[in-house]
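Numbers 1 to 619, taken from full-length UniProt numbering, label the letters of the sequence shown in order. For each residue, glycine too, the CB sits at the ideal point set by N, CA and C. Just so it is clear, the structure is predicted and the values come from calculations on it, not from any experiment.
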Amino acid sequence: MFETHLRDLKCTLELFQQVDEDVRQHPNILFCPMQGLETFEIQMEKGVQLVEKCSKVCPWNVFDKPMYTRKLIALDASLRTLLSVLTAHITSDLRARVINVATVVNHINVNIAAQNQNVNQIRGWSAIPEPPPFTVGLDAHVEELKLELLKDEASMLVVTGLGGCGKTTLAQKVCEDQKVKEKFRSNIFFVIVSKKTNCLVVQELCQKAGSLVPALQDEAIAFNWLQEFLKKTGQDPLLLVLDDVWLGSESLLDKFGEFKRPNYNILVTSRFQFTRFGPEYPLRTLEQGDAMTLFRHAASRPDRSSDIPEDLAKQIVQLCKGFPLAITTIGRSVCEQPTEIWEKRVAELSKGSSILDSEDNFLACLKSSLDALDGRMPIIKECFIDLASFPEDRCIPAVALIDMWAELYGLDKDSWSIANIRELTNRNLVNLVTRNGKMEMDGYYSEHFVTQHDMLRNLAIHQTGQDEIGQEKRLIIEIYGDSGDNLPNGWTEQKNKPKKTRLLSISTDGLSSAKWHDMNLPKAEVLVLNFQTENYVLPKFELPEEIGEMNGLRKINMGQCSRLQELPVSILNLGELREVICDEETENLWGEPFKSSLKNINITVAKEQHNLNWLYYKA
């Protein structure tokens, strides 16, 4: 009996010694009260002493063995009781930590799921975008295309024409036709291709069909998903609309063309000709009568009669060369304006009329509406040009524009930025839409988005190129595939010279192997990053030493800079600094020597937020 209890206590002490060492070595992981741990160690020390005494007891000492046996049993019980208490503390703490982590992860997952749902809704919250409420000159084209689509055999139809002549509107009206909807029902998919990668187009199609698709980076995998999509949707009559297809997308059209069966139809719109993919339907500009009808509609208010100078209206329509977008935009800009404004607009359009047949100079036609903002609303014109910093065919969150314009133009109230968007909408330069279709302005704009015709975006990009080299207010860089970037002329030679750029926009599909340039942009206030890929690496973030030269700096907000490793010593020169907003990760950076030298600063730690709604640029 004595030997058994002695042996048991030795094993218990060896086990408990290891537990004690683990707790001591990992206090941040295995938390338990220090007082309880010290009591436990005292009892263990008593156990060691008791084992030493018992080891010296002679085997035939029948008088001491019963006494030591009782002590062994009592001490063993005491140690086990203490261990159970400490284990309960550790288990409780671990359980609390696990629950806390699970709660945070669940919170993040919910926000990410909501964000992904929002992105999907933004990309195509309506399977078929609605055409403008008023159109002219398209009925005959709709009937011609409809006859082909209602046939039972497979077909690929390609509608071609210059930008702004109504190709997208025509495709939308075809999808809205009652007989087309009766045949294809809910099996109509409308996707804007533009300059998207093939992977992104396939991913968007599959999402519209209700499939949970991972981020597709490899074309071979993407085309496998495309086959699955076509198998899933191909059981019934299927209509795919591929809008605004650019050169370079031939491989995508080939893949769509491989899956041929009855009642499988593809309608393509493009500025380019794809003669080998099917019959082409060139969309011409409007005839004079239709053009005048469209202009009168745009230049008048539906709720009141408008006095339109007929002779000036005819001159404007003639100078617009039948382009619906130009007619609508310019008509809206002269609506309810005095005759002098109409005459000025005719003079502006006349400057480029002889070469208006080319697409480049079609921009000059639209530019006259933008130039009308120069005198009375210069900031609104600047706001329009800023839209070029976002990718083509994307819904731009209104909150992103609000933040941008607050920095660039001091528009501190959200409503001021929304008012500017309204002004642009009134001139048909942008469209303001909401996810739920309701336009109530209640002071919250997370559901509001701005869309823009790609030709109007080209106009904005064209305007950014009017600044002198080295004096650019905006720098827009687009890097797609291995095509390189579109840095302004002379940038390479002057890249190390100070720039006046206040807004920098970088867009990339993640497939480029081009090296990024070092950029010296001391005046930059807004950075717009458009990454069309799930994985990307940002450069190391650090504050420059030159920050110490900003003698008048009174406030630093670094609440989202958790990866910042250190502060430049030059911050000690900021004698006027009064307020610092940081997060828990960067609070410790403001210790010595900054704390003692900058005695007037107030450091505020921003609360951690798990709401991921600010990630609106990933779309």
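Apart from the 5 residues on each side of it in sequence, S350 sits with its Cβ closer than 7 Å to the Cβ of L319 in its chain, given in chain order. Inter-segment contact for the stretch 255 to 272 and the stretch 235 to 247 is present: three or more beta-carbon pairs are separated by less than 8 Å.
Ranked by Cα distance from I402, the options P279, S596, F384 and P391 are led by F384. Judged by DSSP secondary structure, F531 falls within the beta strand (DSSP E) whose first and last residues are V526 to F531. Of the residues K595, A209, E584 and L567, the one whose Cα lies closest to the Cα of R578 is K595. DSSP, read as helix, strand or coil, puts V201 in helix. Closest by C-alpha distance to L521, out of D509, P593, T81 and S505, is S505. Your pair T339 and P309 checks out as a contact, with CB atoms roughly 6 Å apart and the cut at 8 Å. A residue is called buried once 16 or more other Cβ atoms fall within 10 Å of its Cβ, and Q452 is buried on that count. Under the criterion of beta carbons closer than 8 Å, E587 and I571 do not qualify as touching, at roughly 15 Å. Bounds of any beta strand (DSSP E) do not take in F594; it lies within the alpha helix (DSSP H) bounded by F594 to S597. Annotation: the continuous alpha helix (DSSP H) that includes L294 extends over Q288 to A298.
For E287 and L216, the gap between their C-alpha atoms comes out near 45 Å.
The stretch 155 to 163 and the stretch 278 to 286 touch, with no fewer than 3 CB-CB distances between them shorter than 8 Å. Shown here, F272 sits in coil according to DSSP, grouped into three states, outside any helix or strand.
By the beta-carbon neighbour count (other beta carbons within 10 angstroms, threshold 16), M455 is buried. Straight-line measurement puts the Cα of R394 at about 26 Å from the Cα of K181. Counting every other CB atom within 10 Å of its CB across the protein chains shown gives K413 a total below 16, marking it as exposed. The alpha-carbon of D152 is positioned some 14 Å away from that of Q235.
For I469, the three-state secondary structure derived from DSSP is coil.
Residues R474, I476, L503, S505 and V528 of the same chain have their beta carbon placed closer than 7 Å to that of S389, with the five preceding and five following residues left out of the count. The beta carbon of Q227 sits closer than 8 Å to those of F259, all from its chain and outside the five residues before and after it, given in chain order. Just measuring C-alpha positions, the residue of V191, D218 and K195 sitting nearest C206 is V191. Under the three-state reduction of DSSP, D412 is assigned to coil, being neither helix nor strand. By the C-beta density criterion, N224 is exposed, having fewer than 16 other C-beta atoms within 10 angstroms. Looking at the DSSP output, I379 bridges to nothing. Within the stretch 157 to 236, the runs of alpha helix (DSSP H) at least 4 residues long that lie entirely inside it are, in chain order, 167 to 176, 178 to 184, 198 to 208 and 219 to 233. A buried status is given to P397, since no fewer than 16 other beta-carbon atoms sit within 10 Å of its beta-carbon.
The alpha carbon of N573 has as its nearest neighbour, out of N557, R563 and M550, the alpha carbon of M550. Nearest Cα to V57 within the set I42, T81, C11 and E3: E3. The beta carbons of F295 and I327 sit closer together than 8 Å.
Between P133 and T169, the beta carbon gap of about 11 Å keeps them out of contact (Cβ cut-off 8 Å). Closest in alpha carbon position to K183, among P237, E14, A291 and V399, is P237.
For P282, the enclosing beta strand (DSSP E) stretches over residues E280 to P282.
With 16 or more other Cβ atoms from the protein chains shown falling within 10 Å of its own Cβ, C175 counts as buried. Straight through space, the alpha carbons of K321 and V433 are spaced by roughly 29 Å.
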